[in-house]
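Quick note: the sequence shown uses full-length UniProt numbering, first residue 1, plus one each step.
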Amino acid sequence: MKALDKAKILKAAIGGHGKTTLFDRFCAGDIDEHMDIFLDIHATKDVVIRAGIAIFQHIYHAPGTTLGAIRYNMFSRKAAAGLIKPETLPPTEGAATQHSLRADLQTRDWMLLQSMSLDPSDYGWMVGVHGYEPVPTLDPMAPEELLRYLGIMRPLTYPVRQNGKLMAKMVLTVWLLSASITLPPLFGWATNVTAERVCLISQDLGYTVYSTTVAFYIPTAVMLLMYYRIYRAAQVSAARHKFISFSRRSSRLGRQTAAAMPGEVGAEQRPAMRERLLQACAALSRLLRPDRRQASVFKREQKAARTLGVIMGAFTFCWLPFFLLSAARPFVCGVARSCVPIRLERTLLWLGYANSLLNPLIYAAFNRDLRATYWNLLHCRYRHINRRLSAAGMHEALKAKERPHCIV
1 MKALDKAKIL KAAIGGHGKT TLFDRFCAGD IDEHMDIFLD IHATKDVVIR
51 AGIAIFQHIY HAPGTTLGAI RYNMFSRKAA AGLIKPETLP PTEGAATQHS
101 LRADLQTRDW MLLQSMSLDP SDYGWMVGVH GYEPVPTLDP MAPEELLRYL
151 GIMRPLTYPV RQNGKLMAKM VLTVWLLSAS ITLPPLFGWA TNVTAERVCL
201 ISQDLGYTVY STTVAFYIPT AVMLLMYYRI YRAAQVSAAR HKFISFSRRS
251 SRLGRQTAAA MPGEVGAEQR PAMRERLLQA CAALSRLLRP DRRQASVFKR
301 EQKAARTLGV IMGAFTFCWL PFFLLSAARP FVCGVARSCV PIRLERTLLW
351 LGYANSLLNP LIYAAFNRDL RATYWNLLHC RYRHINRRLS AAGMHEALKA
401 KERPHCIV
């Protein structure tokens with residue numbers, strides 16, 4: 001692989017160096033064999049990490065400096081210049097996405113520390129000679145809880161993150177569960193009851209309990225549990241979104257910076273280092289407008305939780321009466337006949353069917369992209385519908401990395 005091609009690979013990850021500079025540095029030393037490691041599909045994680053560190057050290061002419069110190073120095077210079085893009089080392093396209101997400105989360109947590117009252121050490125930052133230093137680039141991008149939370153809160157990103165095999169398994173599981181409910185009566189489990197022009201399917205006590213439990217009560221319990229987890233996550237996030245003035249943040253940052261200074265740093269150096277960090281934080285604060293950004297994130301979280309709450313409420317309201325009646329009927333009326341008025345039967349059944357009508361209306365009320373899609377469908381504009389939904393999914397996936405760290 002040509003050195004210039006390898007320079008292009010790292011160009012997006014290493015700010016401040018053009019192709020000519022990188023080409024000159026790639027032509028020297030043993031960096032070529034380090035780059036070949038990234039092309040080896042059998043290379044282990046530790047080998048890739050060591051190769052990445054060696055390349056960073058070689059390019060920045062710092063053979064005796066740790067990767068954490070290099071990244072921290074780069075971050076400090078970018079912050080002082082008013083630039084907010086974190087530096088990463090993506091050896092592959094897939095890893096680049098992961099590293100960008102983790103670096104973004106780390107940087108956001110560090111910059112917004114004073115307004116969220118968070119400890120950077122809880123989010124992958126370590127206290128070093130120059131203050132807080134990030135962990136090595138190739139660590140996992142985020143805790144599993146955060147990914148699970150985003151998977152629930154961001155349904156439009158499923159096409160981005162999920163593969164065909166997983167989706168096929170999920171569809172097959174749903175169909176098998178449905179078959180396990182509808183097929184038993186065909187093979188002799190209970191008998192149908194026909195009386196007064198009303199056909200009641202399988203009024204056997206055991207089958208009634210089984211079918212209503214699998215079809216409604218268990219799924220409802222699972223959905224309520226998941227919504228409770230989402231509600232708790234939203235509460236935790238709401239507690240962290242406290243907007244205070246930058247002056248208070250600056251004073252606390254100064255105290256924390258002084259406390260984070262190791263003993264080797266001289267007392268005469270501490271004011272200068274503290275002032276440099278305060279200037280960087282001030283520049284980033286002016287650029288990002290953390291109050292507005294935090295408020296926007298908070299509103300999105302509350303809107304997502306509110307949408308799921310409305311969906312759950314509509315589902316429970318529409319189907320609970322019907323399944324309560326279905327579960328109680330054989331115990332109250334017996335298995336040979338029905339003692340429930342036919343009008344009540346039909347009313348509760350159609351109330352359940354109405355839930356299928358309400359769901360798209362609810363989603364459209366809370367999602368602008370779906371509203372536009374429905375509008376195009378009603379006006380027979382089919383050409384760009386799939387493209388619009390795919391773009392919306394990618395947009396949501398990219399915005400997901402801007403979310404603050406959440407623990408479910």
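Idealized CB from N, CA, C, for every residue including glycine.
- The residue from L349, L177 and L205 with its alpha-carbon nearest to that of R329 is L205.
- Taking the C-beta atoms as reference points, A304 is found no nearer than 8 Å to L358.
- For the segment 303–351, there is no continuous beta strand (DSSP E) assignment of 3+ residues that stays within its boundaries.
- The continuous alpha helix (DSSP H) containing N376 extends over residues R368 to L378.
- In the structure shown, W189 falls within a coil segment according to DSSP collapsed to helix, strand and coil.
- Cβ atoms of C318 and L351 come within 8 Å of each other, at about 5 Å.
- With a threshold of 16 other beta carbon atoms within 10 Å, T208 meets it and is buried.
- Annotated three-state conformation of R229 is helix, per DSSP.
- Per DSSP, reduced to three states, the secondary structure at L183 is coil, with no helix or strand assignment.
- Take A179, set aside five residues on each side of it, and no residue of its chain has a beta-carbon closer than 6 Å to its own.
- Here the alpha carbon of F322 sits roughly 58 Å from the alpha carbon of A43.
- Less than 8 Å divides the Cβ of G309 from the Cβ of Y227.
- The C-beta of S326 has 16 or more other C-beta atoms within 10 Å across all chains shown, which makes the residue buried.
- Membership of Y210 in the alpha helix (DSSP H) is indicated by the continuous run L205 to T212.
- Rounded to whole angstroms, the separation of the alpha carbons of C333 and E345 is 14 Å.
- Counting other Cβ atoms within 10 Å of its Cβ, T173 stays below 16 and is therefore classed as exposed.
- Around the Cβ of T212, a 10 Å sphere holds 16 or more other Cβ atoms; the residue is buried.
- Between the alpha carbons of L370 and A221 lies a distance of about 28 Å.
- An exposed status is given to A168, since fewer than 16 other beta-carbon atoms sit within 10 Å of its beta-carbon.
- Distance between A372 and I230, taken at the CA atoms: about 27 Å.
- Contact check for V214 against L183 fails: the beta carbons are separated by 8 Å or more.
- Between M223 and M312, the gap from beta carbon to beta carbon is short of 8 Å.
- Within a 10 Å sphere around the beta-carbon of A365 sit fewer than 16 other beta-carbons, which makes this residue exposed.
- In the structure shown, the three-state DSSP call for A43 is coil.
- For V340, the closest of N355, L324 and Y353 by C-alpha to C-alpha distance is L324.
- Note on geometry: alpha-carbon atoms of A354 and I362 lie some 12 Å from one another.
- The closest CA to that of T347, considering only L320, Y210, R368 and F331, is found on L320.
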